[in-house]
Structures are given as C-alpha cells and as structure tokens.
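Student: Here's a structure for you.
2 protein chains.
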Amino acid sequence: MKFKAIVTVMLKKSVLDPQGAAVERALKSHGRSGLQSVRIGKVVELVLEGPDQKTVEDQAARWADQLLANPVMENYTVRVEPCS
Amino acid sequence: MKFKAIVTVMLKKSVLDPQGAAVERALKSHGRSGLQSVRIGKVVELVLEGPDQKTVEDQAARWADQLLANPVMENYTVRVEPCS
C-alpha cells in the first residue's frame, strides 16, 4: 500500500533562525501589523510503499532521526497518511 | 487573541526538485527500500495577533500569496490554530 509521509523539520526554539528573522523584518517593513514571530523550517514529503501505517510511521521517523533532521539543533514531526 | 499560522510551500509537481532528488538518492543509497519519491518544501510558522481565526487565515493566505510563495512555481497551504 502506498503512503505519504510528511516530515516537518524546525530549528529548536533555542537556536537562532536568521532566515525567519529576515522574513519577519520583510513582512513588518511592508506594514504587516500584529506579527509577533516567524520561524522557517523544511518539509520533506516522502511517497513510499509499506504494509501498514504503523510500519511506515516507524520507518519515516527513523529516516528523519538519522538522515533528514539534525537532532542536535532541530526538532521534527512525522505525519503519515494513505496516498490517494 | 494569539494564533499560529503554518504556511507550507511546495514546488509544483511539474517543477523539477533537485533537492528532493538528492535526498531520494541518498536514502536509496543507504538501502532504504519502498521509497518512491521525495519532494522538499519549506514551512513558515507565523505567530500573530488577530481578532478571530477567519481573519488570521485570510491575512496569512494574503502574505503567502504575495510574499512567502512564488505562485508561478510553488503551491502553498495555510493552516491556522490558536496559539497555546
């Protein structure tokens, strides 16, 4: 069965995010009010075959931990959904 | 009231994604089986003040369209949730 695993990787709160800070400044300089903070991360969409959702979730989490994210400075979340 | 708006920006399907292709090759060369495709995008987390969820959604969608995404080659989705 085919699944889509969505791995979202964000810098940890304690790590400075210059890209987010730049976007925040840009939005504010365009007069966007009410904005408090901006953080930028990356999202990795994997399409993969697997026997069931649980197995695919475990596999995607392993990949995220070992290859897609740097656990020293990044947090990640994994969401798996059946592929339409 | 404080909300978190999560804007996910992905390259359109018709646009080549060399970063995703590189990650796909890397995962496959590590012997990861069952993988069919990888696409990489970015996620922008905005914390902002607003009167209600609908207003914040509209505002975040406008920012995404005008500043955060390039509608020529990227698609975006906006999700707004109350900030805890």
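First to last, the protein sequences are chains S and Z.
Residue 35 in our numbering sits at position 35 of the first sequence; the count goes up by one each step and never skips.
Take the position in the second sequence, starting the count at 1, then add 84; the result is the number in our numbering.
Don't be surprised by glycine CBs; every beta carbon is placed ideally from N, CA and C.
As the structure is a computational prediction, the values presented were derived from the model and not from experiment.
Determine the direct distance from the alpha carbon of A89(Z) to that of V7(S), and round the result to whole angstroms.
Tutor: Here residue 7(S) corresponds to residue number 7 of the first sequence, with the count starting at 1. Here residue 89(Z) corresponds to residue number 5 of the second sequence, with the count starting at 1. So the alpha carbons of these two residues sit roughly 18 Å apart.
Student: Examine chain S for any beta-carbon lying closer than 9 Å to the beta-carbon of M94(Z), and answer yes or no.
Tutor: Locating residue 94(Z) in the second sequence gives position 10, counting from the first residue. Yes, M94(Z) lies at the interface with chain S (some Cβ there is under 9 Å from its Cβ).
Student: Check whether the region 139-155 of chain Z touches the region 113-125 of chain Z, taking contact to mean three or more Cβ pairs, one atom from each stretch, closer than 8 Å.
Tutor: Touching, no, given that fewer than three Cβ pairs across the two stretches are closer than 8 Å.
Student: For S117(Z), which three-state DSSP category applies?
Tutor: Taking the first residue of the second sequence as 1, we reach residue 117(Z) at position 33. Coil at S117(Z), not helix or strand.
Student: So for K112(Z), helix, strand or coil by DSSP?
Tutor: Taking the second sequence and counting its residues from 1, one reaches residue 112(Z) at position 28. Residue state, collapsed to three classes: helix.
Student: In three-state DSSP terms, what is L68(S)?
Tutor: Locating residue 68(S) in the first sequence gives position 68, counting from the first residue. Three-state result, L68(S): helix.
Student: For L100(Z), which beta-bridge partners are listed by DSSP?
Tutor: Counting from 1 along the second sequence, the entry for residue 100(Z) is found at position 16. None; L100(Z) has no bridge partner.
Student: Tell me P166(Z)'s beta-bridge partners as DSSP assigns them.
Tutor: Position 82 of the second sequence, counted from the start, is the residue given in the question as residue 166(Z). BP columns for P166(Z) point to F87(Z).
Student: With three or more beta-carbon pairs closer than 8 Å as the criterion, would you say the region 138-149 of chain Z touches the region 99-112 of chain Z?
Tutor: At 8 Å Cβ cutoff, the stretches do not touch.
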